[in-house]
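Below: the structure, in structure tokens.
Protein chains in written order, with the numbering used here: chain A, 1 to 267; chain B, 1 to 379; chain C, 1 to 286.
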């Protein structure tokens, strides 16, 4: 069994390399957000908060943060709602054309963002919706709904299909069965779906860049700095967003772990 | 001229740590909102014109807030305007050669020449910049300009070699020559290298155009990449590229300030001038305040800000601005030749006939040049 | 229950069924159909006019640079898919078979972290790592190697693609490998199959669907990404997504960009369709 041990060591080492590759740019970005030099080169300059102060004082960054938050929140609600409807339909009903129905619902992630961006901007200009915050919300909802659907569908899979009919037999209407059985059961998935879609929306830049007009989101600002006056503000914004979203995710996880046991059995 | 350092000091005092920033975020969002109720001015410009170092003083004094959308290159600008509903942009910073197109498409408002200090301009040719007047009416005013030539890393190219575009072909530079990713400046330089300087590198016949394409293609093996503005900065700074075609001091000036061993010169074949002009967007409801901003940018204070713009520097167009710059930062004035009698004084260079205004192709269509550029990039 | 379902196509059922249909038709199918239509429009004086002309198609198909870009993008995306699939497999294999479920959950959590950092920021970081005076070359310099040019090359582009796709591919592969029936593996081992044989003849075939789905996503993401080839590959030469951006930037040539986009979509559909066929094809193993 020496070979087994060797293989184990090899796999761990390999995994370490994979993580080195994945985390190298993240760590680099955090380090350089505190580096005094205007351009990222080594050796490092001195430690500074300057870039954080710059973004803190830049109203455009705050406006973008506000737009991003509005977009991410609206997107997560809309996408999760649509995803829930679709997942429930798939879970509960058999009907003619269901396959095409599912294809329609799940197709967006297979279309490259740049194509969606081009198509959406052209379409939005055509129907008079271009350049508004809502254009970004709509576009992001299209992108995110399939993910929401997948997450919620997986959760519904774990539900005993008889649970709903049992509720009907006890005299509950379909609506109240939904209210008191299905939604509580799916709640953990609904919350994760909201987190997931929020995260996707918060980091999406290609579509947002095309359709946003003057309402920039944080990733669009990053793209503009990257295309324009490159400077370590990129790293500072990136690090700030990273810390914020990781905190949110961990919080969501914690709430989740405290609440999940038993939440489904109330019905 | 003293408020610039003042402002940055205030900035530093105002901010504490980012940790409190995170906690205070919701609160700050509301106070920022109150600020946002200032009149919003939508600006379409090259990167940097709507940044705090340019507009912050004007914003504070007039309770306005600029909302910038940035483009790179005049074609890009036209495309952006065409994609937006009419009246979207209140103020447009256009490349001067594209003003006539803006005008032809009826995207801009007429201006009143009496509003601007034309009699103080450093060069009389600027007051009548081609395309800015039409049928005796003014549509745009120049605010800053700069010269393009050979930009190079001093460790790889000598000043003597840089005095000709020929240095791009230097064998040691194979894979180290970068292009700013826009066809007009790069192809203009190739045209100058081919000797097309009269009347203009952009006014060339079919044969000359074929020759320019051939020359450009010959440069292709040397080329290490095509970069947008940010990429150009970065690759020159970290030594990935040792020479750059299509740019000038507007890039290397910023890098020099940061201590990079780079420089730009106007070579013996001649250089190209980029020119930026302000226009008021057609149908803007804020024409009055926008006009005030244009006047501000032409005032000595505005000119000094423009000459030292954080994103990229540009020459002053007024004598008042030049004098103010000398007072504010003599070093920068000297570096850029913005003092009387300097050999690299930009106006002197123009008068010597060494500078050609960047223009749209006169005898071919923009599309032809664009198409060739795509071909070239793919070669 | 199924018998009464037909009758139950009432408001309740429609409430859940309709939202996605309405939404997708308005904001997903609509834009894509319009884009296809747009590829037949004309542009005059920077204004798009609705028409039905083949001009844009003829023009793009007649350009060598379009086809060069097309095959280059196809090649790069395929390379990216192969590299990501091969690089991810040992990691996913280790995660699926050599660690406990708890450790696996934590590692998958770590793999999700990159999704919460901006892809743009990560790409920007590679500049300083890969530059000629950068981190990697400095380390190599210590042992007397290099410097190597990594930025503005295909290698740079691939690094960017991996940044985008590798975590996702590892996760998808791990899930599909973890679901392989352990009894099957044990049975094969008991029959005396070697380690390699078990992997090739038992594990990979049973996890085929998941592995292929991971590869397809990697292909789609790489095929459509403009950041890596632009910022790390120096757009030398440009890929199709860069061509789309260039075309929209220059003189409002949206219809031509639409031609490129439609070609990309058709290509992806063929690739995805073939892959799914492959994933679900039944081959006799015993």
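Note that beta-carbon positions come from the ideal geometry of N, C-alpha and C, so glycine has one too.
ask   = Just how far apart, CA to CA, sit residue 241 (chain B) and residue 177 (chain B)?
value = Counted from its first residue, the second chain places residue 241 (chain B) at position 241. Counted from its first residue, the second chain places residue 177 (chain B) at position 177. The straight-line gap from Cα to Cα measures roughly 6 Å.
ask   = So, does the CB of residue 253 (chain B) fall closer than 9 Å to a CB anywhere in chain A?
value = What you label residue 253 (chain B) is simply residue 253 of the second chain in a count that begins at 1. The Cβ of residue 253 (chain B) sits no closer than 9 Å to any Cβ of chain A.
CB contact below 9 Å: residue 238 (chain A) versus chain B = Your numbering for residue 238 (chain A) matches position 238 in the first chain. It does not: the Cβ of residue 238 (chain A) has no partner Cβ on chain B nearer than 9 Å.
ask   = For the candidate residues A:115, A:114 and A:82, whose alpha-carbon lies nearest to that of residue 269 (chain A)?
value = Lying before the first or after the last residue shown, residue 269 (chain A) is absent from chain A, which here runs from 1 to 267.
inquiry  = Give me, in chain order, the residues of the same chain whose beta-carbon lies closer than 7 Å to that of residue 91 (chain A); leave out the 5 immediate sequence neighbours on both sides.
reply    = Stepping through the first chain from its first residue, residue 91 (chain A) is reached at position 91. Around residue 91 (chain A): 153 and 156.
inquiry  = In this structure, how does DSSP classify residue 95 (chain B) when only helix, strand and coil are distinguished?
reply    = Numbered from its first residue, the second chain carries residue 95 (chain B) at position 95. Residue state, collapsed to three classes: strand.
ask   = Is any heavy atom in the ligand MG found nearer than 8 Å to the beta carbon of residue 152 (chain C)?
value = Among the components of this structure there are no ligands whatsoever, and the ligand MG is therefore not found.
Simplified DSSP state of residue 83 (chain B), which is helix, strand or coil = Counting from 1 along the second chain, the entry for residue 83 (chain B) is found at position 83. Under the three-state reduction of DSSP output, residue 83 (chain B) falls in the helix class.
task = May I ask you to list the residues that DSSP assigns as paired with residue 69 (chain B)?
result = Locating residue 69 (chain B) in the second chain gives position 69, where the first residue counts as 1. DSSP lists B:44 as partners of residue 69 (chain B).
message = Going by the DSSP bridge assignment, what does residue 137 (chain B) pair with across the sheet?
response = Here residue 137 (chain B) is taken as the residue at index 137 of the second chain, counted from 1. Note: residue 137 (chain B) sits in a beta bridge opposite B:134.
key: Neighbouring residues, chain C, relative to residue 19 (chain A) (Cβ below 8 Å)   = Taking the first residue of the first chain as position 1, residue 19 (chain A) is located at position 19. In chain order: 110.
ask   = Considering residue 152 (chain B), what are the terminal residues of the alpha helix (DSSP H) in which it resides?
value = Reading the second chain from its first residue, position 152 is the one you call residue 152 (chain B). For residue 152 (chain B), no alpha helix (DSSP H) encloses it; the enclosing beta strand (DSSP E) starts and ends at 150-153.
query = The alpha helix (DSSP H) with residue 224 (chain B) in it runs from where to where?
reply = Mapped onto the second chain, residue 224 (chain B) falls at position 224. Residue 224 (chain B) -> not in any alpha helix (DSSP H); beta strand (DSSP E) instead, spanning 223-227.
message = Rounded to the nearest angstrom, what separates residue 351 (chain B) and residue 270 (chain B) at their Cα positions?
response = As a first step, residue 351 (chain B) must be located in the second chain, where it is residue number 351. As a first step, residue 270 (chain B) must be located in the second chain, where it is residue number 270. Between the C-alpha atoms of residue 351 (chain B) and residue 270 (chain B) there is a straight-line separation of about 12 Å.
Interface partners of residue 196 (chain C) on chain A, CB under 7 Å = Mapped onto the third chain, residue 196 (chain C) falls at position 196. Ordered by position in chain A, no residue passes the 7 Å Cβ test against residue 196 (chain C), which lies about 11 Å from the chain.
Beta-carbon contacts of residue 219 (chain B) that lie in its chain and below 8 Å, excluding the five residues immediately before and after = Here residue 219 (chain B) is taken as the residue at index 219 of the second chain, counted from 1. Spatial neighbours of residue 219 (chain B) in its own chain (CB-CB distance under 8 Å, excluding positions within 5 residues in sequence) are listed in chain order as 168, 169, 177, 190 and 245.
task = In the DSSP assignment, find the alpha helix (DSSP H) that holds residue 111 (chain C) and state where it starts and stops.
result = Counted from its first residue, the third chain places residue 111 (chain C) at position 111. Note, residue 111 (chain C): alpha helix (DSSP H), 101-112.
inquiry  = Applying the 10 Å Cβ sphere with the 16-neighbour rule, what's the burial state of residue 14 (chain C)?
reply    = In the third chain, residue 14 (chain C) corresponds to position 14, counting from 1. Exposed, by the Cβ-count rule.
request  = Under 7 Å between beta-carbons, which chain E residues line up against residue 235 (chain A)? List them in chain order, please.
outcome  = The question asks about chain E, but that chain is absent: this structure's protein chains are A, B and C.
Nearest-angstrom Cα separation, counted from residue 19 (chain C) out to residue 172 (chain A) = Within the first chain, the letter at position 172 stands for residue 172 (chain A). Within the third chain, the letter at position 19 stands for residue 19 (chain C). Approximately 24 Å between the Cα atoms of the pair.
key: residue 86 (chain C), buried or exposed, once every other Cβ within 10 Å from all chains shown has been counted against 16   = To locate residue 86 (chain C), count along the third chain from 1; it is residue 86. Under this definition residue 86 (chain C) is an exposed residue.
request  = Classify residue 28 (chain B) as helix, strand or coil using the three-state DSSP reduction.
outcome  = Stepping through the second chain from its first residue, residue 28 (chain B) is reached at position 28. Low confidence applies here, because residue 28 (chain B) scores a pLDDT of 44, under 50, leaving its location unreliable and the question unanswered by this model.
task = Label residue 2 (chain A) either buried or exposed according to how many other C-beta atoms from any shown protein chain fall within 10 Å of its C-beta, with 16 as the threshold for buried.
result = Here residue 2 (chain A) refers to the residue found at position 2 when the first chain is read from its first residue. The residue in question, residue 2 (chain A), is exposed, as its Cβ has fewer than 16 Cβ neighbours within 10 Å.
inquiry  = Would you say residue 66 (chain A) lies against chain C (beta-carbon separation less than 9 Å)?
reply    = To locate residue 66 (chain A), count along the first chain from 1; it is residue 66. False, the Cβ-Cβ gap to chain C never drops below 9 Å.
key: Chain-ordered residues of the stretch 168-195 of chain A with a beta carbon less than 7 Å from chain B   = none
key: Contacting positions in the stretch 20-46 of chain A - beta carbon closer than 9 Å to chain B   = Taking a C-beta cut-off of 9 Å against chain B, the contacting residues of the stretch 20-46 of chain A are 37, 38, 39, 40 and 41, listed in chain order.
ask   = Which class does residue 238 (chain A) belong to by DSSP, given the choice of helix, strand or coil?
value = Taking the first chain and counting its residues from 1, the one referred to as residue 238 (chain A) is at position 238. Note: residue 238 (chain A) maps to helix in three-state DSSP.
ask   = Under a three-way DSSP split, which group does residue 19 (chain B) fall into?
value = Working through the second chain from its first residue, we reach residue 19 (chain B) at position 19. Summary for residue 19 (chain B): the model assigns pLDDT 34, below 50, so the residue's position carries little reliability, and this model does not support an answer.
ask   = Under a Cβ-count criterion, where at least 16 other Cβ atoms within 10 Å of its own Cβ denotes burial, should residue 227 (chain A) be classed as buried or exposed?
value = Taking the first chain and counting its residues from 1, the one referred to as residue 227 (chain A) is at position 227. Buried.
query = What residues in the stretch 118-133 of chain C have a beta carbon less than 9 Å from any beta carbon of chain A?
reply = 118, 119, 120, 121, 122, 123, 124, 125, 126, 127, 128, 129, 131 and 133
Cβ-Cβ distance between residue 170 (chain C) and residue 111 (chain C) below 9 Å = Taking the first residue of the third chain as 1, we reach residue 170 (chain C) at position 170. Taking the first residue of the third chain as 1, we reach residue 111 (chain C) at position 111. Yes, they are a contact pair.
ask   = Any idea what DSSP makes of residue 179 (chain B), helix, strand or coil?
value = By one-based count along the second chain, residue 179 (chain B) stands at place 179. Note: residue 179 (chain B) maps to strand in three-state DSSP.
ask   = Hey, would you say residue 232 (chain C) sits closer than 9 Å to residue 210 (chain C), going by beta carbons?
value = Position 232 of the third chain, counting from 1, holds the residue named residue 232 (chain C). Position 210 of the third chain, counting from 1, holds the residue named residue 210 (chain C). It is not a contact, given that the beta carbons lie outside the stated cut-off.
ask   = So, is residue 183 (chain C) buried or exposed, given that buried needs 16 or more other C-beta atoms within 10 angstroms?
value = Translated into the one-based positions of the third chain, residue 183 (chain C) becomes position 183. Burial call: exposed.
key: Beta-bridge pairing of residue 186 (chain A) - partner residues as DSSP gives them   = As a first step, residue 186 (chain A) must be located in the first chain, where it is residue number 186. None; residue 186 (chain A) has no bridge partner.
request  = Report the neighbours of residue 378 (chain B) on chain C: residues whose CB is nearer than 7 Å to its CB, in chain order.
outcome  = Stepping through the second chain from its first residue, residue 378 (chain B) is reached at position 378. Those within 7 Å of residue 378 (chain B) in chain C are 65, 68, 69, 237 and 238.
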